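Input: a single structure, listed below in C-alpha cells.
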Amino acid sequence: MIELILSDRCTNCGACVEVCPVNVINPSASGPPTLARVEECQTCFMCELYCRADAIYVAPDCDRRVEVNPAEIVASGCLGQYRKHSGWDEWAEQFPNNQWLMETVFRRAGEAAAVAAPLLRKSQT
Ligand code: SF4
Ligand code: SF4
C-alpha cells in the first residue's frame, strides 16, 4: 500500500492523482497531494511509475499498512526503482521494459484456457 509522498521531492505535477485507479490520492491546491483513502490502495504501483520526481513510496504489503521511516526509505535507494527498472522516461535506453513481454504470456494463457474450458465442461457432465 502507498505509505509516503515526500513533500520535499514532489513537484505537484498531479500525475499520481490522475493515474490512481481508486482515488487514494487527493489533489491539493497549495502543495503536494495527500493520502486520503489508503485502505483502498491496490498496491498497483502506478503512482510510483508515473512519479518522475521519485517522491512516492508504495510498500509491497498489499494487505495492511506498514510503518515506514521516511529517512530510511530515502537512504535505502528504493525510491524510483520501479520506474527505473521499467525503463520509463530517462531510463528508456538503459533498462528496456521487458515487463511488457508478459503480455504475450498472458495472451497465450488466455488462449490455452479457452481451449481447455469446453473440455473441462464436457468432463463434468
Ligand atoms: S506524481 Fe510525484 S511529483 Fe507529481 S504530484 Fe504525485 S508525488 Fe508529486
Ligand atoms: S499503488 Fe495504485 S492504488 Fe495505490 S495509491 Fe498508488 S496508484 Fe493508487
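Residue numbers (the numbering used here): 121 to 245.
Ideal Cβ positions, reconstructed from N, Cα and C, are used throughout, including at glycine.
In this text, all values refer to a predicted model and were calculated from it rather than measured experimentally.
What distance in whole Å lies between the Cβ atoms of residue j and residue i, which are believed to be in contact at a cut-off of 8 Å?
i, j, result
"Tyr177", "Val186", "No, Tyr177 and Val186 are not in contact; Cβ-Cβ is about 10 Å, not under 8 Å."
Are there any heavy atoms of ligand 2 lying less than 7 Å away from the beta-carbon of residue i, as far as the coordinates show?
i, result
"Cys133", "no"
"Cys164", "yes"
"Pro152", "no"
Please confirm whether residue i and residue j have their CB atoms less than 8 Å apart.
i, j, result
"Ala135", "Cys171", "yes"
"Glu121", "Ala179", "Correcting the residue identity first, residue 121 is Met in this sequence and not Glu. Yes."
"Glu160", "Val144", "yes"
"Ile125", "Ala156", "no"
"Pro141", "Cys164", "yes"
Quick check on this structure: which residue in the options has the alpha carbon closest to the alpha carbon of residue i?
i, options, result
"Val246", "Pro153, Thr245, Gln244, Asp128", "Examination of residue 246 is not possible in this model, given that the chain is present from 121 through 245 alone."
"Gln201", "Ala229, Met166, Gly230", "Met166"
"Trp211", "Leu240, Glu231, Leu169", "Leu169"
For ligand 1, any of its heavy atoms closer than 7 Å to the Cβ of residue i?
i, result
"Cys136", "yes"
"Cys130", "yes"
"Ala175", "yes"
"Cys171", "yes"
List, from N- to C-terminal side, the beta strand (DSSP E) runs of 3 residues or more that fit wholly inside the stretch 122-173.
122-125
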